[in-house]
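Chemist: Position 216 of the sequence shown, counting from 1, maps to 216 under full-length UniProt numbering, and the rest follow consecutively.
Backbone N, C-alpha and C fix where the C-beta goes; we use that ideal spot for every residue, glycine too.
Supplied in structure tokens, the structure appears directly below.
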Amino acid sequence: MTKEEIRNYCDRLTQFDTPTISNALECFSDFKRGTGFMDYTIKPVVSCTTTYVGPVATAKIATEFPATPEEQAKMMPYYQHVKDMGPGCIVVQQDMDLKPVGSFWGEVNATQHLALGCQGVVTSGGVRDLKEVSGLGFGYFAKEVVVSHAHTHVVDFACKVTVGGLELEPGDIIACDIHGIIRIPVEYLPDMERACRNIALAELPVLEPCRRAIMNGETVEIEDLKKWREGMAKARENSKIR
Numbered sequence: 001m002t003k004e005e006i007r008n009y010c011d012r013l014t015q016f017d018t019p020t021i022s023n024a025l026e027c028f029s030d031f032k033r034g035t036g037f038m039d040y041t042i043k044p045v046v047s048c049t050t051t052y053v054g055p056v057a058t059a060k061i062a063t064e065f066p067a068t069p070e071e072q073a074k075m076m077p078y079y080q081h082v083k084d085m086g087p088g089c090i091v092v093q094q095d096m097d098l099k100p101v102g103s104f105w106g107e108v109n110a111t112q113h114l115a116l117g118c119q120g121v122v123t124s125g126g127v128r129d130l131k132e133v134s135g136l137g138f139g140y141f142a143k144e145v146v147v148s149h150a151h152t153h154v155v156d157f158a159c160k161v162t163v164g165g166l167e168l169e170p171g172d173i174i175a176c177d178i179h180g181i182i183r184i185p186v187e188y189l190p191d192m193e194r195a196c197r198n199i200a201l202a203e204l205p206v207l208e209p210c211r212r213a214i215m216n217g218e219t220v221e222i223e224d225l226k227k228w229r230e231g232m233a234k235a236r237e238n239s240k241i242r
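In structure tokens form, the structure reads like this:
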């Protein structure tokens with residue numbers, strides 16, 4: 001797939017939340033349930049009302065100690081890597097310190113990355129300038145909020161990273177929202193919008209009668225609930241893509 005095709009597929013998925021995307025992944029027979037997402041340590045740190053979907057640009061950063069001359073020389077090539085990933089990319093950064101000390105991210109870096117075409121960051125480190133960044137529409141997902149930038153620098157980029165227990169490489173596709181971050185296998189992209197719609201429709205055999213009962217001030221019978229759940233299970237099975 002071309003970068004433009006990937007971007008178009010990703011843009012179509014922003015209408016769905018990550019739980020729907022997660023459920024839709026189960027429509028693919030080779031998908032292993034319970035895998036492919038970051039753990040609870042990575043969360044949105046500013047108001048997040050949308051779903052960010054895109055290919056990742058990657059880096060490893062550190063802030064506790066000053067950069068070596070070799071590391072200092074990596075900053076601009078790192079920015080070039082972000083630009084090369086194309087509009088709509090999401091930066092995923094692994095903080096190499098034992099615990100987050102300083103923040104690579106604030107108003108300046110968020111604005112710079114937006115200008116490079118990046119739509120957000122996911123980091124196992126810290127972020128700051130929450131008030132300023134919240135008005136940018138920039139996805140801000142992190143492990144911690146910190147006050148200082150300390151000795152922030154790039155250790156490596158365009159490399160494998162592990163954030164929130166999930167290993168990612170440049171070009172992998174992720175979706176991020178208020179629930180967390182999940183990877184979407186690139187080969188699934190052409191079928192993902194259909195899978196999301198199918199899996200949402202598959203829940204209606206339970207949702208619709210339960211909602212009617214709630215609106216009417218009624219409680220449902222267990223036998224009815226069992227029947228509706230069986231209908232949902234069948235609809236989910238029929239939602240399989242391949």
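Please report the residue range of the alpha helix (DSSP H) in which V114 lies.
Modeler: Looking at the sequence provided, one finds Leu at residue 114 rather than Val. Element bounds for L114: 107-115.
Chemist: What is the DSSP secondary structure of L204, counted as helix, strand or coil?
Modeler: helix
Chemist: Report the rounded CA-to-CA distance for I173 versus T51, giving the unit in angstroms.
Modeler: 13 Å
Chemist: Return helix, strand or coil for D156, following the three-state DSSP convention.
Modeler: strand
Chemist: Mind the definition here: the region 90-104 touches the region 152-161 only if three or more C-beta pairs lie below 8 Å; say whether that holds.
Modeler: yes
Chemist: In or out: M1 buried (at least 16 other Cβ within 10 Å) or exposed?
Modeler: exposed
Chemist: What whole-angstrom Cβ distance do E187 and R12 have, given they're in contact under 8 Å?
Modeler: At roughly 16 Å, the Cβ-Cβ gap does not stay under 8 Å, so E187 and R12 are not in contact.
Chemist: The alpha helix (DSSP H) that contains I222, what's its start and end?
Modeler: 222-238
Chemist: If you follow the beta strand (DSSP E) that E144 is in, where does it begin and where does it stop?
Modeler: 139-145
Chemist: P55 bridges to which residues according to DSSP?
Modeler: I173
Chemist: Which word fits M85, buried or exposed, when buried means at least 16 other C-beta atoms lie within 10 angstroms of its C-beta?
Modeler: M85 should be labelled buried.
Chemist: Let me check understanding here. Comparing Cα to Cα, which of V91, D97, K99, L130 lies closest to C118?
Modeler: V91
Chemist: Using only CA atoms, which one of A24, K143, V147 lies nearest to K131?
Modeler: With distances taken between Cα atoms, K131 lies closest to V147.
Chemist: Where does T123 land, buried or exposed, given buried means 16+ other C-beta within 10 angstroms?
Modeler: By the 10 Å Cβ count, T123 comes out buried.
Chemist: For the candidate residues G135, M96, C89, whose alpha-carbon lies nearest to that of V108?
Modeler: G135
Chemist: In or out: G76 buried (at least 16 other Cβ within 10 Å) or exposed?
Modeler: Position check: residue 76 holds Met in this sequence, whereas Gly was assumed. By the neighbour-count rule (16 or more Cβ atoms within 10 Å), M76 is not buried but exposed.
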